[in-house]
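Single-structure report; data block below.
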Amino acid sequence: MKNETEEWSDKKIRRRTFFSFAGFLLAGVGGWFGWKWFKNLPRTNNRLPDLTRDVLSANEKVNDVFFSHKNLAKTYPKDRAARTPRINGKIGLKEAINTANWQLEVVNPATNESTFFQLEQIKALPKQEIIFDFKCIEGWDQIVNYGGVKLADFLHHYQLGKKTGTQEWYKYVGLETPDGQYYVGLDIESALHPQTLLSFELNNAPLSNLHGAPLRLIIPVKYGVKNLKRIGKMFFSDTPPRDFWHQQGYDYDVTL
132 MKNETEEWSD
142 KKIRRRTFFS
152 FAGFLLAGVG
162 GWFGWKWFKN
172 LPRTNNRLPD
182 LTRDVLSANE
192 KVNDVFFSHK
202 NLAKTYPKDR
212 AARTPRINGK
222 IGLKEAINTA
232 NWQLEVVNPA
242 TNESTFFQLE
252 QIKALPKQEI
262 IFDFKCIEGW
272 DQIVNYGGVK
282 LADFLHHYQL
292 GKKTGTQEWY
302 KYVGLETPDG
312 QYYVGLDIES
322 ALHPQTLLSF
332 ELNNAPLSNL
342 HGAPLRLIIP
352 VKYGVKNLKR
362 IGKMFFSDTP
372 PRDFWHQQGY
382 DYDVTL
């Protein structure tokens, strides 16, 4: 027969087991109702509930306060660069393109007129090279070597992005693939960042089609979703341009 101490220990164990199971059950039920509540929150023009979008917008405002051209992505020696860089996404690249006939269309927002640039006009600017850790929002990263010209140099040299007759920049730059299937929006500070490139080379060779030939955006301070491939159009705005992954619910800035 069990003595009083053993009986008391058994009761204590049963009591703890009961409360543990009850707590687990309540947590599960609470989690289920919480998910139902979250899932049914109001949504406007995007796939995220408004509450979540408000939180992301607040985070973006904080990022804007602390963003600085002095904050540079870490760079690496050339021998650290991957010989076979990964491909991150093919949206906007499905249609065949004749790179020899490619032109970059830049739209003047004041007149809605377009200026077209050949690749050689872009290559005429001082070439830059950057070896950095390319980070994909899916969770992988890889050190890569891209070459091109600073987007800031392109805008300054061809006097683009400023309001007519002033030294005031438009607040945003929009970029799209030629077929309009993929598009990103950048704040002007990110576009003018010293590491942001209009890139035409990867590992000192012309870009392949799947890596965005003939010209792509490289912006090391942001995740890969902002590094638009196969740029076809550029335009400027004082309101945020549409952004493909922002419309799917991601943060607009996706700054590292």
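Just so we're aligned, residue 132 is where the sequence shown starts under our numbering, counting upward by one. For glycine and all other residues, C-beta sits at the position ideal for the given N, C-alpha and C.
- Look at the region 195-270 and you find these whole runs of alpha helix (DSSP H), each 4 residues long or longer: 250-254.
- In this chain, the beta strand (DSSP E) harbouring Ser368 covers Lys364 to Ser368.
- Nearest in C-alpha terms to Tyr383, of all of Ile268, Asn232 and Thr297, is Ile268.
- Counting only runs that start and end inside the region 283-308, the beta strand (DSSP E) elements of at least 3 residues fall at 303-307.
- For Ala153, the three-state secondary structure derived from DSSP is helix.
- Straight-line measurement puts the Cα of Phe248 at about 5 Å from the Cα of Gln234.
- By the neighbour-count criterion, in which 16 or more other beta carbons inside 10 Å mark a residue as buried, Lys360 falls on the buried side.
- Within its own chain, the residues whose Cβ lies closer than 8 Å to the Cβ of Pro216, once the five positions on either side in sequence are excluded, are Phe265, Gln273, Val275, Leu333, Asn334 and His342, listed in chain order.
- Here the C-alpha atom of Ile222 lies approximately 7 Å from the C-alpha atom of Gln312.
- Around the Cβ of Gly159, a 10 Å sphere holds fewer than 16 other Cβ atoms; the residue is exposed.
- Counting other Cβ atoms within 10 Å of its Cβ, Ala283 reaches 16 or more and is therefore classed as buried.
- Closest by C-alpha distance to Lys293, out of Leu387, Thr386, Asp310 and Val237, is Val237.
- Closest option to Met365, judged by alpha-carbon separation, among Leu256, Asn243, Thr386 and Leu203: Asn243.
- Residue pairing by DSSP places Gln273 opposite Phe265 in a beta bridge.
- Contact check for Leu329 and Val280: beta-carbon distance about 5 Å, within the 8 Å limit, so the pair qualifies.
- When the beta-carbon positions are compared, Phe367 and Val304 come within less than 9 Å of each other.
- Gln298 and Arg214 have their C-alpha atoms spaced approximately 42 Å apart.
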